[in-house]
Every structure is written in structure tokens, then in C-alpha cells.
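Chemist:
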Amino acid sequence: MSKQYDLIVIGTGMAATTAAAKCRAAGWNVAIVDYQPFGGTCALRGCDPKKVLVGAAEIIDRVRRMQGKGLGEQDLHIDWGALMAFKRSFTDSAPSKIENSLEKQGIDAFHGRARFRSPSSLEVAGQLLASRHFLIAAGAKPMRLGIPGEEHLITSDRFLELEELPQRIVVVGGGFIAFEFAHIAVRAGAKVTVLEQLPRFLRPFDPDLVSWLVDRSRQIGIDLHAETSVEAVEKDAVSYKVRTSTDTSGWYTARRVNEDCSGYKILIEEGSERILGAHLIGPHAEEVINLFALAIRANLSAKDLKTVIWSYPTATSDISYML
Ligand SMILES: Cc1cc2nc3c(=O)[nH]c(=O)nc-3n(C[C@H](O)[C@H](O)[C@H](O)COP(=O)(O)OP(=O)(O)OC[C@H]3O[C@@H](n4cnc5c(N)ncnc54)[C@H](O)[C@@H]3O)c2cc1C
Numbered sequence: 001m002s003k004q005y006d007l008i009v010i011g012t013g014m015a016a017t018t019a020a021a022k023c024r025a026a027g028w029n030v031a032i033v034d035y036q037p038f039g040g041t042c043a044l045r046g047c048d049p050k051k052v053l054v055g056a057a058e059i060i061d062r063v064r065r066m067q068g069k070g071l072g073e074q075d076l077h078i079d080w081g082a083l084m085a086f087k088r089s090f091t092d093s094a095p096s097k098i099e100n101s102l103e104k105q106g107i108d109a110f111h112g113r114a115r116f117r118s119p120s121s122l123e124v125a126g127q128l129l130a131s132r133h134f135l136i137a138a139g140a141k142p143m144r145l146g147i148p149g150e151e152h153l154i155t156s157d158r159f160l161e162l163e164e165l166p167q168r169i170v171v172v173g174g175g176f177i178a179f180e181f182a183h184i185a186v187r188a189g190a191k192v193t194v195l196e197q198l199p200r201f202l203r204p205f206d207p208d209l210v211s212w213l214v215d216r217s218r219q220i221g222i223d224l225h226a227e228t229s230v231e232a233v234e235k236d237a238v239s240y241k242v243r244t245s246t247d248t249s250g251w252y253t254a255r256r257v258n259e260d261c262s263g264y265k266i267l268i269e270e271g272s273e274r275i276l277g278a279h280l281i282g283p284h285a286e287e288v289i290n291l292f293a294l295a296i297r298a299n300l301s302a303k304d305l306k307t308v309i310w311s312y313p314t315a316t317s318d319i320s321y322m323l
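So the sequence shown is numbered by the numbering used here: it starts at 1 and just counts up by one.
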């Protein structure tokens with residue numbers, strides 16, 4: 001015999017618990033289901049835990065900005081392990097608090113993955129539940145990239161559980177969570193690179209403001225690359241290698257002469273960032289290669305080349321995007 005409800009809500013995040021509470025307050029019989037600890041992304045794996053980490057990063061940032069402006073040199077650093085323990089003091093207790101609140105409201109809670117069995121029933125952990133209405137508030141899943149080595153990537157869920165912060169981090173994607181995590185990690189002492197396949201970071205946001213944020217992010221040491229797709233992730237004994245490709249067909253140098261065959265490979269020494277080699281194809285490759293020859297001869301690093309202000313629009317002004 002299945003239990004009968006007016007509404008069954010799938011998920012226990014903000015969307016689910018808000019709708020469940022309102023319908024219950026209106027007198028409906030309501031059940032709620034989740035296969036993960038109750039609370040959803042925001043409370044357990046998103047906004048709230050992230051904001052705890054942001055709190056520490058903001059202090060580091062603020063102190064650094066005030067150095068020489070009334071504050072002397074400070075040996076201030078983030079103790080990542082202790083910060084994670086502080087984060088857990090919020091997230092560990094959240095599921096039971098949410099379950100208690102649901103119980104007080106008279107909402108039946110079920111643990112397990114919900115699977116529809118008919119238009120008016122679903123199954124959770126072997127129990128059949130029937131309802132007049134269903135609300136699917138199941139949230140979102142990380143996108144699959146479909147690239148070799150994808151299994152080596154971790155998602156934001158795992159980032160928020162890292163017991164140790166890696167020394168070097170590559171963030172795939174240049175949206176707002178990527179920027180938030182990059183700013184946290186760089187202030188906690190990691191070297192961070194952000195790769196975005198589109199020409200612009202933070203695409204839904206105002207381009208002028210984004211360009212200021214991109215400049216500021218570079219100033220604090222975040223290495224940002226737009227128009228860079230991750231093609232593969234390889235693991236060797238000590239580290240991971242991220243293979244990327246850059247779509248140069250939208251670059252002005254190539255577009256203005258209607259050439260879509262252009263690209264490059266720049267070889268950069270790990271650690272020192274010294275330029276070791278360069279392969280170029282496309283408009284003005286025969287001129288631009290001379291600058292790489294000079295850079296190799298003069299032992300210049302990728303950073304040296306990136307900080308040059310190139311005249312624009314010229315083929316050499318593309319160099320800052322190549323590195
Ligand atoms: C790292 C990160 C930081 C973020 N920071 C912010 C922020 O600062 N501000 C902001 O506004 N937003 C932020 N967001 C976005 C915000 O967390 C989400 O928009 C919000 O949590 C979505 O809520 P929801 O209720 O729709 O789904 P969710 O909170 O994702 O809940 C869905 C629930 O459904 C469950 N579920 C899925 N399928 C089933 C099934 N078949 N059976 C049973 N249960 C199921 C899941 O286990 C999950 O618990 C952030 C997101 C992330 C990942």
C-alpha cells in the first residue's frame with residue numbers, strides 16, 4: 001500500500017524546502033526526498049561553506065591592501081586545515097537542523113534517490129509514495145567535458161572538502177564560482193590558473209567591470225587565459241598535465257585577412273616560466289617568431305613577455321594571449 005500525499009518534493013535545497021514549507025503551511029500533506037544529506041547545494045556545498053572561506057581570504061586581502069598605509073609587514077597566512085574545520089562547524093550540523101525543522105512543520109522526510117514509477121507515484125528506498133503533485137527541485141549537476149583524463153578533475157563539491165590546498169590549481173571554466181575559488185586559493189597561497197574556452201570571462205556580467213576584475217585578478221597573481229579549451233588531463237608520477245588548445249580564428253589579426261588557419265604552440269619551462277620554444281602558423285608568423293627567438297636568446301620568461309605593452313592592432317599584440 002503506497003502512502004498518499006498532496007505534494008512530494010524531490011530535493012532538500014532552498015527551492016525544495018521553501019515550496020514544501022509553504023504548501024504544508026497551507027494545509028497540504030507534504031513529503032520531501034533527498035539521496036544526499038539534507039540541505040542541498042547552497043547550505044552544504046555552495047554559498048554558505050564558500051562564504052566561510054571567502055571570509056578568511058578577505059582578511060588577507062584587506063591586510064595586504066593596508067600594508068604601507070598604516071599597517072606594517074604582517075606574516076599573515078591562511079591555515080587551510082583550520083579553516084576547513086571552521087567550515088565544517090557550519091556544514092556538519094546543517095542536515096540535522098533542516099530535518100528537525102521539517103519534522104516540526106509536519107513534513108515527512110525520506111532518504112534515498114527518488115524514481116518515478118507512474119505519473120502519480122515514485123519509489124524511494126523500496127517505498128512507494130503516491131501524490132497529487134510533484135515538485136522536482138533536484139538542482140544541477142556539473143557538466144561533463146567528455147575529454148580524456150576527465151576523471152582527474154574535481155568539482156566544486158570536492159574543492160570545498162580539500163583537507164590540504166594544492167600548491168598549483170588549474171580551474172577549468174571562467175564563471176563566477178571559478179573566480180571566487182581562484183581568489184580564495186591564491187590568497188591561501190596556491191598558484192592558480194583559470195582557463196576559459198570563450199573569448200570573455202564571466203560572460204553574463206558587464207564587460208567593462210569584468211575587464212577591471214580580470215586586471216585585478218592578474219595583479220594578485222591569478223593566471224587567466226581566455227579562448228583556451230581543455231583538451232585532456234594527463235597524470236604522471238608527481239603531477240597532472242592539462243593539455244589545452246586555443247581558438248585563434250576570432251583574433252583580429254586572422255579575421256581581418258579572412259584566415260581561419262592560425263595557431264601556435266609555445267613551450268614554457270615549468271617553474272621558471274622561461275620560454276623554450278615556439279611554433280606558429282598564420283598571418284605574420286614569420287615576423288612574430290623573431291620575438292620568440294629574441295625571448296629564448298635573452299632568457300625571458302612568459303611573465304616578461306606578458307607585461308610588455310604592445311601596440312594594437314598588430315600581430316605582436318597577440319603574444320600576450322599566446323602565453
Ligand atoms: C560552489 C558554489 C557556490 C555557490 N555560491 C552561491 C552564492 O554565493 N549565491 C547564490 O545565490 N548561489 C550560489 N550558488 C548556487 C546555489 O547554490 C544554487 O543555485 C542553489 O543551491 C540551487 O538550489 P536548489 O534548491 O534548486 O537545488 P540544490 O540545492 O542543488 O538541491 C537539489 C537537491 O536535490 C537532490 N536530488 C537530486 N536528484 C535527486 C533524486 N533523484 N532523488 C532525491 N534527491 C535528489 C540533491 O541531492 C540535492 O540535495 C553556488 C553554487 C555552487 C556549486
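All C-beta atoms in this analysis are idealised placements derived from N, C-alpha and C, irrespective of residue type, glycine included.
Quick one: is CYS47 buried, meaning 16 or more other Cβ sit within 10 Å of its Cβ, or exposed?
Modeler: With fewer than 16 Cβ atoms within 10 Å of its Cβ, CYS47 is classed as exposed.
Chemist: Per DSSP, what are the beta-bridge partners of GLN127 in this structure?
Modeler: VAL124.
Chemist: Is ILE289 near ligand 1, judged by its Cβ being under 7 Å from some heavy atom?
Modeler: False, no ligand heavy atom lies under 7 Å from that Cβ.
Chemist: Pull up the distance between the alpha-carbon of SER131 and that of ASP236, whole angstroms please.
Modeler: Approximately 52 Å between the Cα atoms of the pair.
Chemist: If you measure from the CB of ASP34, is any heavy atom of ligand 1 nearer than 7 Å?
Modeler: True, at least one ligand heavy atom lies under 7 Å from that Cβ.
Chemist: Considering just the uninterrupted stretch of the alpha helix (DSSP H) at ILE289, what are its terminal residues?
Modeler: From DSSP, the alpha helix (DSSP H) with ILE289 extends over 285-297.
Chemist: Does DSSP classify ASP61 as helix, strand or coil?
Modeler: DSSP places ASP61 in helix when its eight states are reduced to three.
Chemist: Are the beta-carbon atoms of GLY139 and GLY13 separated by less than 8 Å?
Modeler: Yes, the pair counts as a contact, with Cβ atoms nearer than the cut-off.
Chemist: How big is the Cα-Cα spacing for ASP92 and ARG200?
Modeler: Approximately 37 Å, taken between the alpha carbons.
Chemist: For ligand 1, is there any heavy atom lying closer than 7 Å to the beta carbon of ALA114?
Modeler: At least one heavy atom of ligand 1 is nearer than 7 Å to the Cβ of ALA114, so yes.
Chemist: On a CA-only basis, which of ALA20, PHE159, VAL54 is nearest GLY106? Give me that one, please.
Modeler: Nearest of ALA20, PHE159, VAL54 to GLY106, Cα basis: ALA20.
Chemist: With H, G and I counted as helix, E and B as strand and the rest as coil, what does DSSP make of ILE268?
Modeler: If DSSP states are grouped into helix, strand and coil, ILE268 belongs with the strands.
Chemist: Consider the C-beta atom of SER156 and the heavy atoms of ligand 1; say whether any pair is separated by less than 7 Å.
Modeler: SER156 Cβ: within cutoff of ligand 1.
Chemist: Hey, THR324 and THR253: beta-carbon distance below 8 Å or not?
Modeler: Since the first and last residues shown for the chain are 1 and 323, residue 324 lies out of range.
Chemist: Can you list, in chain order, the residues of its chain whose CB lies under 8 Å from that of THR307, leaving out five sequence neighbours each side?
Modeler: Excluding positions up to five away in sequence, the list is empty.
Chemist: Residue range of the alpha helix (DSSP H) that GLN67 falls in?
Modeler: That residue, GLN67, is in no alpha helix (DSSP H); it is neither H nor E in DSSP.
Chemist: Going by the CB atoms, is the gap between ILE169 and VAL192 shorter than 8 Å?
Modeler: A contact, by the Cβ cut-off of 8 Å.
Chemist: Let me check understanding here. Comparing Cα to Cα, which of VAL52, GLU151, LEU128, LYS97 lies closest to VAL242?
Modeler: VAL242 has its Cα closest to that of GLU151, out of VAL52, GLU151, LEU128, LYS97.
Chemist: Would DSSP call ALA85 helix, strand or coil?
Modeler: DSSP places ALA85 in helix when its eight states are reduced to three.
Chemist: Cβ of PHE38 within 8 Å of Cβ of ILE136?
Modeler: Contact flag unset, no.
Chemist: Closer than 7 Å: is that where the CB of ARG88 sits relative to any heavy atom of ligand 1?
Modeler: Answer for ARG88: no, Cβ out of range of ligand 1.
Chemist: I want to know whether the segment 40-58 touches the segment 122-130 - three or more CB-CB distances under 8 Å.
Modeler: Cβ pair count under 8 Å is below three, so no.
Chemist: Could you say which of LYS3, GLN36, CYS23 lies nearest to GLY11 if we only look at CA atoms?
Modeler: Per the Cα distances, GLN36.
Chemist: Measuring only the C-alpha atoms, how far is GLU231 from ASP247?
Modeler: Rounded to whole angstroms, GLU231 to ASP247 spans 12 Å at the Cα level.
Chemist: Could you check the C-alpha separation between GLY40 and CYS23 for me, to the nearest Å?
Modeler: Cα-Cα distance, rounded: 19 Å.
Chemist: Output the boundary residues of the beta strand (DSSP E) element that contains ALA226.
Modeler: That residue, ALA226, is in no beta strand (DSSP E); it is neither H nor E in DSSP.
Chemist: What does the Cβ neighbour count give for ASP215, buried or exposed, with the cut at 16 atoms within 10 Å?
Modeler: It is exposed - the Cβ of ASP215 has fewer than 16 other Cβ atoms within 10 Å.
Chemist: Report yes if the CB atom of GLU161 is closer than 8 Å to the CB atom of GLY81, and no otherwise.
Modeler: Cβ atoms of GLU161 and GLY81: not closer than 8 Å.
Chemist: Go through the segment 89-125 residue by residue and report every complete run of the alpha helix (DSSP H) that reaches 4 residues or more, in order.
Modeler: Entirely contained in the segment 89-125, the alpha helix (DSSP H) runs reaching 4 residues are, in chain order, 94-105.
Chemist: Check whether the Cβ of THR41 lies closer than 7 Å to any heavy atom of ligand 1, and answer yes or no.
Modeler: Within the cutoff, so yes.
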